[in-house]
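Read the structure below first, then the notes.
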Amino acid sequence: MININHLSITFDRVIFDDASITLSNNSITTIKGKSGTGKTTLLNQLGLVAPLACDYLMEGHSIDDPLTTRKEKIGYVHQESTLFNNMTIRENMEFAFLLSGQEYNESRMHDILCSMKIEHLLNQTPDHVSGGERQRAAIAFALMKDPYLLLLDEPTASLDSINCKLLIELLSDYIHTHPVCVLIATHDKRIIDYADNLYEIQNHKIVPLKKSSIKELETTSITRKPQDYLSYYKKHLIRSSKILYILFGLILSMTIGIFGYRTYYSHEINAIQEKLLDVRLYYGNNSNYAYDSITKPIRMDIRKDLNEIEHIHITPFYETVTDTLIVQSYTGDTIKASRTIKNLGKDITINNHTFHVSSYINKKNTISSQGDDVLYLPEALYRKYFKIDDTRMLLVSVDDAQYISSILSQINDIDPHLTVYSNVNLDHLTQINSRMMNSLLMLICAIFIIMLIILIYHRQKTIDSNKDEYFFLYENGLSIKELKSLARYDYVYYYVFYLIILLIISIFMSFMMHIPIILYACLLWFFSILLEEVITTLCIHKIGRLKGS
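Here the sequence shown stands for residues 1 to 549, where the numbers follow the working numbering.
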């Protein structure tokens with residue numbers, strides 16, 4: 001027998017004022033009343049999920065340990081038939097045994113499921129059975145605990161007449177053969193007519209309308225000891241769902257798309273790279289100057305500064321014939337040097353010195369504007385008037401076209417008078433590269449945003465569904481501390497999931513932009529952890545509020 005006396009509860013208005021109710025085992029008691037009169041509040045008091053506001057006696061004893069009492073002696077069935085959708089019906093029943101501190105009993109489980117006519121649903125999950133079957137499975141879950149008190153909140157609200165009648169008959173058959181106190185909060189006349197006892201909430205009191213004199217059954221003692229129910233629940237916490245399959249498929253598709261774009265990007269960059277093989281630096285107009293038309297040499301200090309620029313290679317350009325020392329094997333010990341002249345003539349003057357041209361004409365000098373006119377000098381005389389290190393043109397090799405814009409800017413900073421010549425429009429190439437990089441960054445950002453939205457949606461949906469499960473676990477004896485532990489265990493998997501996605505993005509961005517992958521991964525993961533912490537804190541806050549419900 002359960003006795004509730006001196007029940008007084010006030011929220012924004014008075015709900016109960018010194019009310020009382022008595023429940024006998026081996027009988028079905030119903031409580032009715034208008035919406036908002038306190039039926040659910042009464043169930044929460046009896047179920048010990050709210051701070052007690054009454055004198056509570058169960059089998060003549062006061063409640064010293066509400067958590068243990070909820071685990072072992074109270075079964076709660078909601079209108080929504082709350083069960084754990086990430087477990088099968090069998091696994092739900094096994095979990096009920098563990099929650100109540102019992103060893104798993106296959107025979108007892110089979111008997112209860114048969115009495116509820118759902119033994120054929122063992123391998124189904126609760127979200128894949130009918131409403132009536134789910135309701136009976138929820139009752140079976142509560143009965144697996146072998147409770148002394150069974151609470152049902154509007155159990156037939158969503159059932160048709162056939163399922164309602166079946167539920168009443170099955171419940172009645174079980175209750176009248178077991179020492180269980182049953183309280184059903186309902187408006188359903190079908191249950192009210194079938195009940196052994198009937199109470200109604202009137203004027204903040206619980207008024208008896210019908211009472212039977214059914215003899216109570218003696219309770220039997222079941223051996224109970226703490227079970228590792230948390231590990232069992234955690235094992236089933238992250239059960240694959242359709243949306244995760246979709247998300248992984250989307251991630252795979254996007255990854256393939258990203259690397260497909262990378263292939264296209266590489267192809268375009270290579271095409272640009274080939275065009276950058278003939279880039280020259282000199283003083284003059286931006287046109288295809290012949291080497292011998294350039295008069296001003298590029299100083300060594302300028303060349304040194306240019307060599308400091310990353311992603312380019314600077315090579316001094318010398319005429320293969322006219323600007324090099326040539327040792328002819330047939331001239332004995334004579335060394336001759338050639339230098340291009342502008343006008344052909346027998347006698348020419350260079351640096352106020354007159355030289356006589358004779359003998360040899362080079363047919364292979366095709367770079368000089370007048371390459372057929374060659375002057376030979378003795379080595380000593382050549383070195384006297386010309387510096388062999390001076391060059392009027394530098395050949396530039398760019399090793400990565402995506403840096404062309406930065407390279408041009410640095411060259412201009414070193415010497416704004418230097419002309420950068422290429423057989424292609426470098427400004428156009430810069431625009432192409434910039435456009436491709438912007439497109440890539442937009443693609444990556446879009447992918448990240450889509451993934452983030454899906455993750456947030458799925459996480460929030462999981463929290464919403466878990467909220468009911470957490471409340472159900474709380475009703476079945478789990479502490480707030482244990483619920484917080486489960487919530488944090490849950491989002492650890494999301495951290496790992498975030499990391500996998502972010503690593504994929506980071507690898508690609510690092511590959512394209514040459515920024516260390518660890519930097520991307522750390523920054524993005526930190527952002528995801530911060531977001532997840534906010535979401536999970538909201539969830540835990542909702543759980544924490546249960547304590548005062």
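Where a beta carbon is used, it is the ideal one built from N, C-alpha and C, also for glycine.
I think residue i touches residue j, with their Cβ atoms under 8 angstroms apart; what is that distance to the nearest whole Å?
{"i": "I21", "j": "I184", "result": "Going by Cβ atoms, the distance from I21 to I184 rounds to 13 angstroms, so no, they are not a contact pair."}
{"i": "F471", "j": "H204", "result": "Their Cβ separation, rounded to whole angstroms, is 26 angstroms, which puts F471 and H204 out of contact at 8 angstroms."}
{"i": "A157", "j": "T30", "result": "Contact doesn't hold; Cβ gap of about 14 angstroms is too wide."}
{"i": "Y233", "j": "L486", "result": "7 angstroms"}
{"i": "N26", "j": "P179", "result": "6 angstroms"}
{"i": "L171", "j": "I74", "result": "Actually they do not touch by this definition, with Cβ atoms about 16 angstroms apart."}
{"i": "I2", "j": "M58", "result": "5 angstroms"}
Hey, residue i and residue j: beta-carbon distance below 7 angstroms or not?
{"i": "R136", "j": "P126", "result": "no"}
{"i": "M116", "j": "A138", "result": "no"}
{"i": "D468", "j": "L237", "result": "no"}
{"i": "Y282", "j": "T391", "result": "no"}
{"i": "M393", "j": "R303", "result": "no"}
{"i": "L151", "j": "Y76", "result": "yes"}
{"i": "C181", "j": "L23", "result": "yes"}
{"i": "E32", "j": "E200", "result": "According to the sequence provided, residue 32 is Lys. The question's Glu does not apply to it. Yes. Within cutoff."}
{"i": "D305", "j": "I414", "result": "yes"}
{"i": "G101", "j": "P208", "result": "no"}
{"i": "Y264", "j": "L99", "result": "no"}
{"i": "P66", "j": "L42", "result": "no"}
{"i": "S397", "j": "H313", "result": "yes"}
{"i": "E91", "j": "Y104", "result": "no"}
{"i": "H311", "j": "Y403", "result": "yes"}
{"i": "L408", "j": "F317", "result": "no"}
{"i": "I298", "j": "G284", "result": "no"}
I'd like the span of the beta strand (DSSP E) that includes residue i, first residue to last.
{"i": "Y56", "result": "D55 to M58"}
{"i": "K235", "result": "Run containing K235: none in the beta strand (DSSP E); it sits in the alpha helix (DSSP H), Y229 to K235."}
{"i": "A185", "result": "C181 to A185"}
{"i": "S422", "result": "L418 to S422"}
{"i": "L149", "result": "L149 to D153"}
{"i": "S397", "result": "L394 to V398"}
{"i": "P208", "result": "K205 to K210"}
Counting along the chain, where does the alpha helix (DSSP H) carrying residue i start and finish?
{"i": "D413", "result": "I404 to I414"}
{"i": "T29", "result": "Here T29 belongs to no alpha helix (DSSP H); instead the beta strand (DSSP E) covers S27 to K32."}
{"i": "D65", "result": "It is not in any alpha helix (DSSP H) - D65 carries neither H nor E in the DSSP assignment."}
{"i": "I175", "result": "S161 to I175"}
{"i": "I2", "result": "No alpha helix (DSSP H) holds I2; the beta strand (DSSP E) holding it covers I2 to T10."}
{"i": "I139", "result": "G131 to M144"}
{"i": "D111", "result": "E106 to S115"}
Using the three-state DSSP reduction, which class does residue i fall into: helix, strand or coil?
{"i": "H313", "result": "strand"}
{"i": "A195", "result": "coil"}
{"i": "I361", "result": "Residue confidence for I361 is low, a pLDDT of 45 falling below 50, so the modelled location carries little weight; the figure read from the coordinates is stated next. Three-state DSSP puts I361 in coil, outside helix and strand."}
{"i": "I15", "result": "strand"}
{"i": "H458", "result": "helix"}
{"i": "N44", "result": "helix"}
{"i": "K342", "result": "Because K342 carries a pLDDT of 41, less than 50, the predicted location of this residue cannot be relied on, and the following value inherits that uncertainty. K342: coil per DSSP, three-state reduction."}
{"i": "L52", "result": "coil"}
{"i": "L98", "result": "helix"}
{"i": "G75", "result": "strand"}
{"i": "R280", "result": "strand"}
{"i": "D305", "result": "helix"}
{"i": "K296", "result": "coil"}
{"i": "N476", "result": "coil"}
{"i": "Y470", "result": "helix"}
{"i": "E103", "result": "coil"}
{"i": "S253", "result": "helix"}
{"i": "I24", "result": "The sequence shown places Ser at residue 24, rather than the Ile named in the question. Of the three classes helix, strand and coil, the one that applies to S24 here is coil, per DSSP."}
{"i": "T391", "result": "strand"}
{"i": "E482", "result": "helix"}
{"i": "I118", "result": "coil"}
{"i": "L200", "result": "This sequence places Glu at residue 200; Leu is not what is there. Looking at E200 - three-state DSSP - the assignment turns out to be strand."}
{"i": "G371", "result": "Summary for G371: the model assigns pLDDT 46, below 50, so the residue's position carries little reliability, and this model does not support an answer."}
Closest Cβ-Cβ distance between residue i and chain B: below 7 angstroms?
{"i": "I312", "result": "This model lacks chain B altogether, as it is built from one protein chain only."}
inquiry  = With a threshold of 8 angstroms, are at least 3 pairs of Cβ atoms found where one atom belongs to the region 111-126 and the other to the region 145-165?
reply    = no
task = Take every Cβ of the region 50-65, pair it with every Cβ of the region 105-112, and state whether three or more of those distances are shorter than 8 angstroms.
result = no
At least 3 beta-carbon pairs within less than 8 angstroms: the region 81-94 vs the region 176-192 = no
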